Amino acid sequence: MDQRGQARLDEFLGALLFAGMILALYMAFLQAPREKTMGDLQRIFYFHVSSGITGLTAFAVNFAASVMYLVRRNRWWDHVALSSAELGVMFLSIVLVTGPIWAKPVWFVWWTWSPRLTSSLVLWMLYVAYLLVRNYVLDPDRRALVSAVFGIVAFVDAPIVWFSIRWWRDIHPAPMLETGGLSPSMRPAFYTCWAVFQILFIYLLRRRFFLEASRQEVEWLQRRADMVS
Amino acid sequence: MPAKVWTIFRKDLLIELRTKDSLNAMIFFGIVVLVIFNFALEAIRESIRAAVPGVLWVSFAFSGTLGLNRMFAAEKENSCLQGLLMVPVDRGIIYLGKMIAACVVIFVFSLIFFNLTVWREIPYVVLVCLVGTLGFTAVGALLSAIAANTKMREVLLPLILFPVVLPILVNAVEATAIILNTVDYRQLKLPLTIMTVFTIVFATLAYLLFEYVLED
Numbered sequence: 002m003d004q005r006g007q008a009r010l011d012e013f014l015g016a017l018l019f020a021g022m023i024l025a026l027y028m029a030f031l032q033a034p035r036e037k038t039m040g041d042l043q044r045i046f047y048f049h050v051s052s053g054i055t056g057l058t059a060f061a062v063n064f065a066a067s068v069m070y071l072v073r074r075n076r077w078w079d080h081v082a083l084s085s086a087e088l089g090v091m092f093l094s095i096v097l098v099t100g101p102i103w104a105k106p107v108w109f110v111w112w113t114w115s116p117r118l119t120s121s122l123v124l125w126m127l128y129v130a131y132l133l134v135r136n137y138v139l140d141p142d143r144r145a146l147v148s149a150v151f152g153i154v155a156f157v158d159a160p161i162v163w164f165s166i167r168w169w170r171d172i173h174p175a176p177m178l179e180t181g182g183l184s185p186s187m188r189p190a191f192y193t194c195w196a197v198f199q200i201l202f203i204y205l206l207r208r209r210f211f212l213e214a215s216r217q218e219v220e221w222l223q224r225r226a227d228m229v230s
Numbered sequence: 102m103p104a105k106v107w108t109i110f111r112k113d114l115l116i117e118l119r120t121k122d123s124l125n126a127m128i129f130f131g132i133v134v135l136v137i138f139n140f141a142l143e144a145i146r147e148s149i150r151a152a153v154p155g156v157l158w159v160s161f162a163f164s165g166t167l168g169l170n171r172m173f174a175a176e177k178e179n180s181c182l183q184g185l186l187m188v189p190v191d192r193g194i195i196y197l198g199k200m201i202a203a204c205v206v207i208f209v210f211s212l213i214f215f216n217l218t219v220w221r222e223i224p225y226v227v228l229v230c231l232v233g234t235l236g237f238t239a240v241g242a243l244l245s246a247i248a249a250n251t252k253m254r255e256v257l258l259p260l261i262l263f264p265v266v267l268p269i270l271v272n273a274v275e276a277t278a279i280i281l282n283t284v285d286y287r288q289l290k291l292p293l294t295i296m297t298v299f300t301i302v303f304a305t306l307a308y309l310l311f312e313y314v315l316e317d
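Here it is, written out as structure tokens:
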């Protein structure tokens with residue numbers, strides 16, 4: 002697709018996102034019923050879980066892009082890896098902020114070291130570390146290579162972290178969708194939020210990707226200009 | 102292959118034996134950390150036994166990072182890394198040799214260190230130390246090479262290493278607590294299994310990925 006086509010697609014996604022966000026807000030705040038015990042507080046669930054799933058998607062994309070970079074050595078994949086890692090950290094930050102907001106009134110504490118919470122925090126730290134590694138390697142080729150290796154290590158580590166602390170008692174609600182605990186009347190709102198967050202991810206991923214591509218091009222041109230002068 | 106690994110292992114260990122850079126620094130640093138903990142935990146002096154596993158493994162992780170930092174810093178100093186890369190062996194071999202050497206050094210350190218505190222349970226402590234050190238260095242050797250690529254080597258290593266080795270540290274603390282507090286050593290099976298799985302997974306992964314990290 003040429004540049005103009007890409008810009009068109011971005012515009013389309015942006016418009017879709019705008020409409021979707023309004024719909025998601027409507028569904029989560031007005032259409033979905035009030036929860037019996039927690040009341041309106043439960044509505045944060047729609048955004049908390051949606052960003053959680055989207056964050057995990059982003060890390061999976063980062064892993065795939067890291068592997069692809071090692072195989073293909075195409076800078077394209079490195080841009081994808083960087084963009085998805087940043088977005089993953091962002092979505093997981095949303096999870097780590099909305100979680101305590103919900104937990105304080107329900108559990109009476111902001112934070113507790115339960116396995117699910119701990120492993121989410123560790124996952125967040127792993128990808129912050131990934132971004133740190135990227136920051137401190139100067140040469141772009143080295144940076145792409147080294148961070149691809151770390152991206153793979155981080156993604157492989159995540160399930161082990163989860164299993165290694167799993168036997169502790171967990172007070173976090175069990176995943177609602179697997180156990181079928183989510184009332185059918187709440188499902189439309191949840192699926193809408195989930196879908197909109199995925200579109201948000203794709204939209205931001207594309208924008209971040211093109212930004213990084215332009216940035217590296219400028220960097221490259223600057224170096225050439227330095228060499229000439 | 103074992104002969105090649107042995108050569109690199111022997112080289113690293115010889116350097117360590119002659120300079121004693123890492124071991125001295127690690128032991129002294131370990132003692133310093135313990136002294137600080139002694140003051141930090143003053144308030145819970147009565148129940149200090151419960152804090153022992155955590156204190157020991159935190160000191161282990163801090164000191165171990167010192168050892169890992171030296172591993173590639175020493176190679177970079179006199180451009181020895183170039184020489185090492187010119188050796189006609191698979192890069193994975195270099196990883197294995199260096200990893201085992203670091204493992205021996207850190208293991209020796211951890212034994213001195215852990216035996217200062219516990220006497221009766223020595224065989225079990227040795228086992229947990231060994232598996233813990235293996236897991237720690239399996240990841241550590243790879244991440245040390247990654248950190249050596251950056252401009253902030255010594256600062257960066259703990260930042261990227263601790264989140265990744267968390268499963269090892271958590272389970273090592275758990276295992277040490279079991280040794281200190283119970284007579285039922287069968288409970289050790291679970292943490293030891295997780296640590297072993299972790300070690301195998303990351304040793305394999307690092308063996309495969311090491312060549313990318315050292316590439317010129």
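Chain order of the listed sequences is A and B.
Each residue of the first sequence is one higher than the one before, starting from 2 at the first, in the numbering used here.
Each residue of the second sequence is one higher than the one before, starting from 102 at the first, in the numbering used here.
Glycine included, each C-beta is placed from N, C-alpha and C at the ideal position.
This one's a predicted model, so the numbers in the text were calculated from it and none came from an experiment.
Sequence-distant Cβ neighbours of B:Gln288 in its own chain, meaning closer than 8 Å and more than five residues away, are Ile279. In its chain, beyond the 5 residues on either side, Ile109, Asp113, Met172 and Ala242 have a beta carbon closer than 7 Å to the beta carbon of B:Lys199. Chain-order list of chain A residues neighbouring B:Phe299: Ile161, by C-beta distance under 7 Å. Taking the beta carbon of B:Met253 as reference, the chain A residues within 7 Å of it are Tyr137, listed in sequence order. A Cβ-Cβ contact shorter than 8 Å links B:Ala174 with B:Ala249.
When secondary structure is reduced to three states using DSSP, B:Glu222 falls in the coil class, being assigned neither helix nor strand. Listed as beta-bridge partners of B:Gly233 by DSSP are no residues whatsoever. Exclusion of the five residues before and after A:Thr99 leaves Ile45, Phe48 and His49 as the residues of its chain whose Cβ lies within less than 7 Å of its Cβ. For the pair A:Leu206 and A:Ser84, the CB atoms are nearer than the 8 Å cut-off. With the criterion set as a beta carbon lying under 8 Å from some beta carbon of chain B, the members of the region 138 to 160 of chain A are Val138, Leu139, Arg143, Leu146, Val147, Ala149, Val150, Phe151, Ile153, Val154, Ala155, Val157 and Asp158, in sequence order. The beta carbon of A:Trp108 sits closer than 6 Å to no other beta carbon from its chain once the five residues preceding and following it are set aside.
Straight-line measurement puts the Cα of A:Leu212 at about 16 Å from the Cα of A:Glu12. Within chain B, not a single residue places a beta-carbon under 7 Å from that of A:Met2; the smallest gap is close to 31 Å.
For the pair B:Met296 and B:Val232, the CB atoms are nearer than the 8 Å cut-off. Under the Cβ criterion of 8 Å, A:Met126 is counted among the residues facing chain B. If you draw a straight line from the Cα of A:Trp78 to the Cα of A:Ala130, it comes to about 19 Å. For B:Asn139, the enclosing alpha helix (DSSP H) covers residues Asp122 to Ala141.
Cβ contact annotation for B:Ile269 (same chain, cutoff 7 Å, sequence separation greater than five): Gly233, Gly236, Phe237, Met296 and Phe299, in chain order. Counting along the chain, the unbroken alpha helix (DSSP H) around A:Trp221 starts and ends at Arg188 to Val229. Taking the C-beta atoms as reference points, B:Tyr313 is found nearer than 8 Å to A:Leu146. Nearest C-alpha to B:Met102 among B:Pro189, B:Phe210, B:Leu182 and B:Tyr286: B:Pro189. Using a CB distance cut-off of 8 Å, A:Ser84 does not count as an interface residue toward chain B.
At least 8 Å separates the CB of B:Val229 from every CB of chain A.
For the options A:Val96, A:Asn63 and A:Leu139, the alpha carbon positioned closest to that of A:Trp221 is the one of A:Leu139. Contact residues of the region 11 to 42 of chain A toward chain B are absent (C-beta to C-beta distance below 7 Å). Here B:Ile149 is not near B:Leu157, since their CB atoms are 8 Å or more apart.
If you check the CB distance, A:Val62 and A:Val81 come in under 8 Å. Across the structure, B:Phe208 and B:Cys230 are spaced so that their CA atoms are roughly 7 Å apart. For the pair of segments examined, the region 114 to 124 of chain A was found not to touch the region 64 to 71 of chain A: the number of CB pairs separated by less than 8 Å stays below three. Separation of the CB atoms of A:Pro101 and A:Leu42 is rounded to 13 Å, and the pair is thereby denied contact status at 8 Å. Residue nearest to B:Phe214 within the set B:Ser180, B:Thr305, B:Phe130 and B:Val302 is B:Phe130 (criterion: CA-CA distance). One finds Val271 in chain B with Cβ atoms closer than 7 Å to the Cβ of A:Ile166, taken in chain order.
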